[in-house]
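Heads up: the structure comes next, in structure tokens.
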Amino acid sequence: MEVNRDEAERCIDIAEKYIRAGDREKAVKFLYKAEKLYPSQKAQALLEALLRNGTAAGGGSKPDMNGDGGETRRRKPATHSSAEDKENTQANGDIQHEYTSEQLEAVKRVKKCKDYYEILGVTKDAQEDDLKKAYRKLALKMHPDKNHAPGAAEAFKSIGNAYAILSDTKKRKEYDLYGEEKPQHTTNHRHRHYYYDDYTRGFEAEISPEDLFNMFFGGGFPTGEVHVHRRRTPRRHHRREEDGERRTATVTHAMWLQMVPLLLLVFMSLLSSLWVSDPIFSLSRRGDYSQERMTSNLKVVYYVKKDFLKEHQNSLLRIERQVEENHLDNLRTSCWREQQYKENMMMRARYYGDRELYRKAQQMTTPNCDRINKLYGG
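In the UniProt record's numbering, the protein residues as written are 1 to 378.
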């Protein structure tokens, strides 16, 4: 089903163009196609709005989306006040996105927050696990595909930006030290509870909130640091440019000085590699490591060269312990990857409300974790 997602999104885009052009019959046709390819809340919401207004395809019945004669799953509309209905009406035609009062309150809470810690709902001594847990919870609630309350998109960006800054050790220290720059004074008066003009609050991450969300719920998390730009106010900008020009020559010289230790390190590594001997054993059959052996304790298979016993007879017990330790390290790494993949798939299924995908994720096996339990008793 995942392979059809891009095609389904393309069909939704085409349908939205027909909606804006007033051709609702063709819009419904492409929305039906999108639902068959990859069911989504967005396509369902558009179809429901078109069919509810009685303007689609001459009021015809909705075809079966599942291909098995069953009824298509539809979300029960959330109840809200008439004032919320007015806020929730979109500019494109008659389409309305519904939201609950709880979703609207969640958006307002984020907008009222005065710092990144308050946005994520964590303390200033929060660890990486606390930040990840808070981000997962808030991002799922505030994603624009799920929360259609006014301002949800900006709140979602604020949450992503807050996590990107606080999860970077260097930038978090900078943020804690200098705080947020005060916004510019403008001629028009703004509401006091909207503390900043935009979601970045003076610190902007190079990774977008959508990319960050996809890394959490659609794949692995990046291993490198997230770089951010410190925004400057106009009154500081000119002075800093002049300072930057004066420091250019100094910075260039410093960069070359910093390169010298690195070059020496590379040179020493090349020299040391000339005296590095071949490993005593290998966990896989390759090259000269053709003689299969097995440890006496955990029965781990490993491979050695033909002259192994002649050279290492007296250190056999030590070598076997090293074999088992290396084998355990490999199993732990593979087990962690299996668990992460399974967890991400379950989280993705919960977000999209896909019961079949959730069932498959639950049934995923973790063979390397099972091997650890079998060999080492957990």
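A virtual CB, placed ideally from N, CA and C, is assigned to each residue, including glycine.
The DSSP assignment places 116-120, 128-142 as complete runs of the alpha helix (DSSP H) inside the segment 116-160, in order along the chain (cut-off: 4 residues). If you draw a straight line from the Cα of K124 to the Cα of K132, it comes to about 14 Å. V107: not part of any beta strand (DSSP E); member of the alpha helix (DSSP H) spanning 101-112, first to last residue.
Here V304 is bridged, per DSSP, to F281, Q291. Pairing H143 with Y99 gives a Cβ-Cβ distance that is not under 8 Å. Rounded to whole angstroms, R321 and R371 show a C-alpha spacing of 18 Å. The straight-line gap separating the alpha-carbon atoms of R350 and R286 is approximately 44 Å. With fewer than 16 other CB atoms across the displayed protein chains lying within 10 angstroms of its CB, P261 is exposed. For Y38, there is no enclosing alpha helix (DSSP H), as DSSP marks it with neither H nor E.
By the C-beta criterion, the segment 351-362 is judged not to be in contact with the segment 296-310, since fewer than 3 inter-stretch pairs fall below 8 Å. Burial is judged here by how many other beta carbons sit within 10 angstroms of a residue's own beta carbon; V301 has fewer than 16 and is exposed.
The alpha-carbon separation between E7 and N297 amounts to approximately 54 Å. Bridge partners of R286 according to DSSP: Y289. The C-alpha of T169 is placed about 12 Å away from the C-alpha of A126. Beyond the five residues adjoining it in sequence on each side, K146 comes within less than 8 Å, by CB distance, of Q41, L140, Y351 in the same chain, given in chain order. In the structure shown, the three-state DSSP call for T169 is helix.
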